[in-house]
Ligand SMILES: [Zn+2]
Ligand SMILES: [Zn+2]
């Protein structure tokens, strides 16, 4: 049993993360236009009618840009705190607005969402973990400080969207004014590559099979640099960059077998589907990569 996840876009120009099972899904944030959300989901074979809720992490425009139109057009309920709603000045239909509070579980069909507060320069910002079919997915972006709550939730994840916003050296040596540099690296700013890496190295579980490095800065980071940094420590965990410009593949995340180590399959319309068996009792390395046949690919398509 598994969950399907994809980043439709990630970065200061827009964030939208898809997490679903075979029947229903949620979006965390709706920071690209409704039209872009539609066309990216279509390309991935994801059905927007399966999206039963949109959870809003905070009111910055890169997280809310598309929410009014998406909600209105598809009658999708929006889970948003009052402070975020007011600060974002969002015009949402009252019957489609649902409040949530920290640590209170929310059921969306067979998915369970746990919001928990995070440190970021917004009115009332939240991270989320989503559980379904025994799989835990974390959405951890726009975070200034790795707090105990984040560590606790990160430890449970089979896959995570994890912010790696900036390279310390690039930010320091770059052209941003001093106040902005301080804001980005402050305790209510964003996670640096090394902060994210420390969390990953010290607190990942053996079941963490996939990390999508997210919310990369255009000016203060490099996908190649952060990718290399993580891959040096990744062992059996697959590392993917969530792009600022396009959707990722859809990844199938499994809870793993009785060794507790996860299995991933990924696909999009052009790339091959790989199943990566992360290891067995004797070895924790990647020990088999099998390209699925066209027939198997067609079988997977029907799941979306
Ligand atoms: Zn953001
Ligand atoms: Zn933000």
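In my numbering, the protein residues as written are 4 to 307.
C-beta atoms are modelled at their ideal positions from N, C-alpha and C, and glycine is treated no differently.
| Item | Value |
| --- | --- |
| Could you say which of 203, 79, 221 and 224 lies nearest to residue 239 if we only look at CA atoms? | 203 |
| Whose C-alpha, out of 27, 5, 44 and 28, is nearest the C-alpha of residue 12? | 44 |
| Following a CB-centred definition, is residue 32 positioned closer than 6 Å to any heavy atom of ligand 1? | no |
| Tell me, please, which residues DSSP counts as bridged to residue 7. | 23 and 255 |
| State the CB to CB distance for the pair residue 131 and residue 116, rounded to an integer number of angstroms; the pair is presumed to be in contact (CB under 8 Å). | 6 Å |
| Which residues have a Cβ closer than 6 Å to any heavy atom of ligand 1, listed in chain order? | 15, 18, 63, 65, 66, 145 and 218 |
| If you draw a straight line from the alpha carbon of residue 111 to that of residue 89, how long is it in whole angstroms? | 24 Å |
| Under 8 Å Cβ to Cβ from residue 113, same chain only, skipping five residues before and after it: list those, please. | 24, 26, 27, 135 and 136 |
| Considering just the uninterrupted stretch of the beta strand (DSSP E) at residue 58, what are its terminal residues? | 54-58 |
| With DSSP run on the structure shown, which of helix, strand or coil describes residue 149? | coil |
| Below 8 Å, how does it come out for the segment 207-218 and the segment 177-184: are there three or more Cβ pairs, yes or no? | no |
| Please go through the same chain and pick out, in chain order, the residues whose beta-carbon is closer than 7 Å to the beta-carbon of residue 222, but skip the five residues on each side of it. | 177 |
| Determine, using beta carbons only, whether residue 243 and residue 170 come nearer to each other than 7 Å. | no |
| Quick one: Cα of residue 174 to Cα of residue 166, how far? | 15 Å |
| Rounded to the nearest angstrom, what separates residue 31 and residue 143 at their Cα positions? | 10 Å |
| How many angstroms separate the CA atom of residue 81 from the CA atom of residue 200? | 32 Å |
| Of all the options 127, 188 and 179, which has the alpha carbon lying nearest to the alpha carbon of residue 148? | 188 |
| So what does DSSP say about residue 119, is it helix, strand or coil? | strand |
| How would you write the range of the alpha helix (DSSP H) that residue 84 sits in, first residue to last? | That residue, residue 84, is in no alpha helix (DSSP H); it is neither H nor E in DSSP. |
| Rounded to whole angstroms, what's the CA-CA distance from residue 95 to residue 235? Just pull it up for me. | 45 Å |
| Does residue 215 come out as helix, strand or coil in the three-state DSSP assignment? | strand |
| Give me the Cα-Cα distance between residue 98 and residue 78, rounded to the nearest whole angstrom. | 9 Å |
| For my contact list, residue 10 and residue 164 are in at a C-beta cut-off of 8 Å; report their separation, rounded to the angstrom. | 6 Å |
| With H, G and I counted as helix, E and B as strand and the rest as coil, what does DSSP make of residue 184? | helix |
| Does DSSP classify residue 195 as helix, strand or coil? | strand |
| Within 10 Å of its beta-carbon, does residue 105 have 16 or more other beta-carbons around it, so buried, or fewer, so exposed? | exposed |
| Tell me the residue span of the beta strand (DSSP E) that contains residue 129. | 129-135 |
| Roughly how many angstroms lie between the CA atoms of residue 35 and residue 16, to the nearest whole one? | 8 Å |
| Alpha carbon to alpha carbon, what distance is there between residue 108 and residue 14? | 27 Å |
| Nearest to residue 49 by CA position, among 118, 256 and 250, is which residue? | 250 |
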